[in-house]
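Notes follow once the structure below has been shown.
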Amino acid sequence: MRLSLAATAALALVPSGAFAVDYMTAEAAAKLMFAEADRFEIRDWQLDAAQAQAIAALGVKPRSAQWKLRLAYKGRELLGVVVADEVLGKFELISYAVGIGADGRVRGVEILSYRESHGHEVRTPAWRKQFLGKAQGAPLKLGEDIANISGATLSCGHVTEGVKRIVAVVEQARRSGVLG
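Numbered by mature numbering (1 follows the signal peptide of the UniProt record, and there is no 0), the letters in the sequence shown go through residues -20 to -1, 1 to 160 in order.
And the structure:
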């Protein structure tokens, strides 16, 4: 049976060899990013309209009004917060978590699950290390303060946008007193 040129072209657009690898849970990522914490508290938080607008004004799409914040404590001291999220790679979702210290600076980025056949290099420590110390006001822009990885451009760009979104969301949570 012969396929038409249009059918062959359509098949070429279907991702081949896609697979899913689960590397760690959000809980494990939190423990890795805040190893000194003696407890974690999960707090559900919803952005109000003004907070969503403030995030959008930064050029960040708030994606959702509902967020699950994982607060890291050592005794009574808040060390920071971990937020897990997902972004689209090329065809599939990339699950990741961002740890932000009490000072508002990124403490770590972990890839939780990667489902694409290409672009998994975003999981390399050298690439994720670029986010460390970044805070609200940093460009967090691919090609500017975050380097691209050839062959992983979409994954790099979308994870970078996601980290910027989480930094903005956590900053709004801090300003609203949710973290206190």
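Quick reminder that beta carbons are idealized off the backbone N, C-alpha and C, glycines included.
Length of the line joining the Cα atoms of residue i and residue j
| i | j | result |
| --- | --- | --- |
| K11 | M4 | 11 Å |
| P119 | E66 | 20 Å |
| I129 | C136 | 7 Å |
| R56 | A82 | 13 Å |
| E21 | V61 | 9 Å |
| G88 | A9 | 9 Å |
| Q110 | L59 | 21 Å |
| L49 | A132 | 28 Å |
| R43 | D125 | 23 Å |
| G123 | R108 | 14 Å |
| L134 | E141 | 11 Å |
Whether residue i touches residue j by CB criterion (8 Å)
| i | j | result |
| --- | --- | --- |
| A52 | F14 | yes |
| V1 | S75 | no |
| V86 | G113 | yes |
| K144 | V40 | yes |
Contact set for residue i: own chain, Cβ-Cβ below 7 Å, skip 5 residues either direction
| i | result |
| --- | --- |
| K54 | E16, A17, D18 |
| A(-3) | With a pLDDT of only 49 at A(-3), under the threshold of 50, the placement of this residue in the model should not be trusted; the figure read from the coordinates follows. If we look at A(-3) and ignore the five residues flanking it on each side, its Cβ neighbours are F71, E72, R95, E96, S97. |
| T(-13) | Confidence in T(-13) is poor, its pLDDT being 39 and thus under 50, which makes the residue's placement unreliable; the coordinate value appears in the next sentence. Same-chain partners within the cutoff: there are none. |
| E151 | G84, Q116 |
Top-ranked residue by Cα proximity to residue i, from the options
| i | options | result |
| --- | --- | --- |
| R79 | L92, V67, S93, V63 | Correcting the residue identity first, residue 79 is Gly in this sequence and not Arg. When only C-alpha atoms are compared, the closest one is V63. |
| A127 | K144, R145, A106 | A106 |
| G84 | A8, A77, G117, V139 | G117 |
| L68 | L159, I91, L58 | I91 |
| S156 | A6, E7, A29 | A29 |
| V158 | E7, A6, Q31 | Q31 |
Contacting residues, own chain, Cβ-Cβ under 8 Å from residue i (five flanking each side not counted)
| i | result |
| --- | --- |
| W47 | D24, W25, Q26, L27, V63, V149, A153 |
| I146 | V63, D65, V78, I80 |
Same chain only: Cβ atoms within 6 Å of residue i, ignoring 5 sequence neighbours per side
| i | result |
| --- | --- |
| S(-17) | Its pLDDT being 49, under 50, S(-17) is placed unreliably by the model, and nothing is read from it. |
| A6 | A64, A77 |
Does the stretch 97 to 109 touch the stretch 19 to 39, meaning 3 or more C-beta pairs lie closer than 8 Å? no
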